[in-house]
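Structure, as structure tokens:
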Amino acid sequence: MPKVRVKYFLTFKDITGKMEEEIVLDGEGTVDELLKLLIKKYGKKFERSILDEKEQLSPYLKILVNEKEAGPKAKLEENDVVYILFPPSGGKGK
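Numbering-wise, the working numbering comes out as the position in the sequence shown, counting from 1, plus 6.
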């Protein structure tokens, strides 16, 4: 049952009303389990933000674990830091 710290950015900070929080996972300890717990906690608005129309994770969503990109099957360990965000967009490089 790992306890992880979740950091929210932009849209997710607005939905949760928090910059970060600690979550205790009680199942398999994966990113997928964490996202399901967060959907249950924050409801449809959170769910619509992370899932596409096919109810798959949005291709624009970025999940980082300890600052490295992670997929839904990634295992989470005690004290991992999970970042949930959409990368900034816009502007052209020179």
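Where is the CB? At the ideal position from N, CA and C, for every residue including glycine.
Reduced DSSP secondary structure (H/G/I, E/B, other) of residue i
{"i": "Tyr-89", "result": "strand"}
{"i": "Lys-100", "result": "Residue placement at Lys-100 is poorly supported in this model, since its pLDDT is 46, which falls under 50; the coordinates still yield a value, given next. Here Lys-100 sits in coil by DSSP."}
{"i": "Glu-84", "result": "coil"}
{"i": "Lys-51", "result": "helix"}
{"i": "Lys-24", "result": "coil"}
{"i": "Lys-19", "result": "helix"}
{"i": "Lys-13", "result": "strand"}
Distance CB(residue i)-CB(residue j) smaller than 8 Å
{"i": "Leu-82", "j": "Thr-36", "result": "yes"}
{"i": "Leu-16", "j": "Leu-91", "result": "yes"}
{"i": "Val-88", "j": "Leu-40", "result": "yes"}
{"i": "Lys-9", "j": "Glu-73", "result": "no"}
{"i": "Glu-28", "j": "Arg-11", "result": "yes"}
Range of the contiguous beta strand (DSSP E) that encloses residue i
{"i": "Tyr-48", "result": "Looking at the DSSP string, Tyr-48 is not in any beta strand (DSSP E); the run it does join, the alpha helix (DSSP H), is 37-48."}
{"i": "Leu-141", "result": "Residue 141 lies beyond the range of the chain shown here (7 to 100); nothing can be said about it."}
Separation of residue j from residue i, as counted between CA atoms
{"i": "Asp-20", "j": "Glu-26", "result": "11 Å"}
{"i": "Gly-97", "j": "Asp-32", "result": "Legend: pLDDT at Gly-97 = 47, less than 50; position of this residue unreliable, no value from coordinates given."}
{"i": "Glu-75", "j": "Pro-94", "result": "15 Å"}
{"i": "Ser-55", "j": "Asp-38", "result": "15 Å"}
{"i": "Pro-78", "j": "Lys-24", "result": "22 Å"}
{"i": "Asp-58", "j": "Pro-65", "result": "8 Å"}
Span of the alpha helix (DSSP H) around residue i
{"i": "Lys-60", "result": "From DSSP, Lys-60 is part of no alpha helix (DSSP H); its letter is neither H nor E."}
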